[in-house]
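Down below is the structure, laid out as structure tokens.
In this note's numbering, the protein residues as written are 8 to 537.
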């Protein structure tokens, strides 16, 4: 017997008492929530749609303009995987099955004929749902054709799920709308309840097939030399014996306040016949003499990153478009870092014969707007310097930093208007976004940009310091923290693992972009202490 789960419209269910046919689990009308699985699916969908919110903070010290890191908590990326809390449909009590009806013969035959033939979710939707649930939905197929519509109508459902196949009624698959996203999350919950999804296999290779991540709740590097537990705040890092000592050499070399300690406990991993025994790795903050699970580090992402990379003054490494050589920005603020990198790219394009007259006009228009914004920045800085009260300084400082961010976004306008393929070509050349690949003792920063997502909190930037790389250099492990009200040290730091651009959806850039908390065109850069 194959079990279906439906999301029913407000109408009377059809009854069919024939035996040995797929059970149709109806979504009961409002006021009769007797089915625990339907109630759970609604509850999970509500949780997926809820977003944590807090306002970013800008603070000043003395007469200097100092921007405090305003970083997202992003608990949907860090929390215990939501999929782990979903109840599997293993045994159903009599009271839970009493209200079920049976699927008609023609529904069963259509399902069997079309099983697995639907489409996968688009990348953005899939990433959002995988990050929200903490599980891999690569095998989920979406059906929206005439057959799916007719079956949904026959079942009087907006949508229904059979294993990894989800069928939608006409116009009901709308993942870009809140209502449609809620419905999709509801049905994805049913695919997990029915036992056809295992948590968690979020790391995938470039072809979209299962990669080398093994285990249910760990991200494991392709070469099996590192493993990080999924969940926020995650303190569990495992690595091949001796890797902590190697990381410590690089960390000490940059003056990092972090050291890694190799513990005696073992963690065994295996994949495709390969096996490794890893060691538990714990951090030590030499700046405050705290260590292990109770280590404390600043909850400000910029300040916690500074502990890892050895200082608060950081520049962005990149390929200089004018010289072709590796370089580092003089700017130390994310918005100005990306502006400096892109200005050189724009200057280079102006000298290239392949740049059309129209394109040169557009580039020069960017420079004109940027120069005008620079005058506003200068005036805002003067106003801040003239402020005499803390309240006035705070207000003037917010104006100043807002104009800095506006300047950065202006400098990115020409690039942002390019096609996605052209932007990726530029990214690869400049070593930014998906192609940012910091070493141990360096870090990432993401500068928000483009249009904000409706209904989402948009943070100005995020930072993360790198403490380890897998032996094959394909996976990067960061030590991060996330801002809350105030700037204090706490124990809610997090180990996280990211892949390279070759592994779609796994980079720092893609993972943080997909939170929708940095605008639709953020810029990720490799940073290091200056």
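Here a beta-carbon is modelled for each residue, glycine too, at the ideal position from N, C-alpha and C. Keep in mind the model is a prediction, meaning the values are calculated, not measured.
Where residue 317 and residue 484 are concerned, what is the direct C-alpha to C-alpha distance, given to the nearest angstrom?
Rounded to whole angstroms, residue 317 to residue 484 spans 17 angstroms at the Cα level.
Give me the Cα-Cα distance between residue 486 and residue 458, rounded to the nearest whole angstrom.
Each residue's Cα considered, the two are about 29 angstroms apart.
What do you reckon, are the CB atoms on residue 516 and residue 400 nearer than 8 angstroms?
Contact: no.
At the level of alpha carbons, what is the spacing between residue 362 and residue 533?
Cα-Cα distance, rounded: 28 angstroms.
For residue 504 versus residue 326, is the C-beta distance shorter than 8 angstroms?
No, they are not a contact pair.
On the DSSP letters alone, give me the boundaries of the beta strand (DSSP E) that residue 400 sits inside.
Counting along the chain, residue 400 falls outside any beta strand (DSSP E), though it belongs to the alpha helix (DSSP H) covering 397-418.
Any idea which residues DSSP pairs residue 369 with across the strands?
In DSSP, residue 369 forms no bridge with anything.
Between 194, 142, 144, which has its C-alpha nearest residue 164's C-alpha?
Selected option, being the one with the closest Cα: 194.
So, helix, strand or coil for residue 431, using DSSP?
It is helical.
Name the DSSP beta bridge partners of residue 285, please?
BP columns for residue 285 point to 247, 274.
Within 10 angstroms of the Cβ of residue 420, are there 16 or more other Cβ atoms? Answer buried if so, exposed if not.
Flag for residue 420 reads buried.
Are the CB atoms of residue 133 and residue 127 nearer to each other than 8 angstroms?
It is a contact, given that the beta carbons lie within the stated cut-off.
What is the DSSP secondary structure of residue 333, reduced to helix, strand or coil?
Three-state result, residue 333: strand.
Give the range of the alpha helix (DSSP H) segment to which residue 515 is assigned.
Its alpha helix (DSSP H) spans residues 515-520.
Mapping DSSP to helix, strand and coil, what is residue 70?
Any reading at residue 70 is ruled out, since the residue's pLDDT is 33, under 50, leaving its predicted position unreliable.
Kindly give me the distance between the Cβ atoms of residue 496 and residue 304, rounded to whole angstroms, as I take these residues to be in contact under 8 angstroms.
About 6 angstroms; that satisfies the 8 angstroms criterion.
Cutting at 7 angstroms between CB atoms, please list the residues of its own chain near residue 411, excluding the five before and the five after it.
So the list reads 340, 342, 343, 384, once near-sequence residues are dropped.
I'd like to check one pair, residue 352 with residue 437: are the Cβ atoms closer than 8 angstroms?
A contact, by the Cβ cut-off of 8 angstroms.
Where does residue 321 fall in DSSP's three states?
Correct three-state label for residue 321: strand.
What's the C-alpha gap between residue 254 and residue 416?
Computed Cα separation, rounded: 36 angstroms.
Would you mind working out which of 49, 231, 328 sits nearest residue 278, comparing C-alpha positions?
For the residues 49, 231, 328, the minimum Cα distance to residue 278 belongs to 231.
Check each candidate in 398, 322, 171, 115 and name the one with the smallest Cα separation from residue 454.
It is 322 whose Cα lies nearest to the Cα of residue 454.
Applying the 10 Å Cβ sphere with the 16-neighbour rule, what's the burial state of residue 41?
With a pLDDT of 42 at residue 41, under the threshold of 50, the modelled position of that residue is not reliable, and no figure is offered here.
On a CA-only basis, which of 422, 179, 319 is nearest residue 349? Give me that one, please.
Of the candidates 422, 179, 319, the one whose C-alpha sits nearest the C-alpha of residue 349 is 422.
Quick check: the region 252-267 against the region 504-514, are there 3 or more CB pairs under 8 angstroms?
No, the region 252-267 is not in contact with the region 504-514.
Name the DSSP beta bridge partners of residue 569, please?
Here the chain comprises residues numbered 8 to 537, so residue 569 is not present and cannot be evaluated.
Less than 8 angstroms between the C-beta atoms of residue 377 and residue 418, yes or no?
Yes, the Cβ-Cβ distance between residue 377 and residue 418 is below 8 angstroms.
Give the DSSP-derived three-state secondary structure of residue 53 in the structure shown.
In this structure, residue 53 counts as helix in the three-state DSSP scheme.
Report the option in 169, 268, 158, 273 whose CA atom is closest to the CA atom of residue 284.
Out of 169, 268, 158, 273, 273 has the C-alpha closest to the C-alpha of residue 284.
I'd like the span of the beta strand (DSSP E) that includes residue 453, first residue to last.
First-last of the beta strand (DSSP E) with residue 453: 450-454.
If we count the other Cβ atoms within 10 Å of its Cβ and call it buried at 16 or more, is residue 395 buried or exposed?
Exposed, since its Cβ has fewer than 16 Cβ neighbours within 10 Å.
Run through DSSP, which three-state label would residue 113 get?
Three-state DSSP puts residue 113 in a helix.
Taking all protein chains shown into account, do 16 or more other C-beta atoms lie within 10 angstroms of the C-beta of residue 70, making it buried, or fewer, making it exposed?
Note on residue 70: pLDDT 33, under 50, position unreliable in the model; the coordinate value appears next. The residue is exposed, with fewer than 16 neighbouring Cβ atoms inside 10 Å.
I need the straight-line Cα distance from residue 347 to residue 444, nearest angstrom please.
Each residue's alpha carbon lies about 19 angstroms from the other.
With DSSP collapsed to three states, give me the class of residue 440.
Note: residue 440 maps to helix in three-state DSSP.
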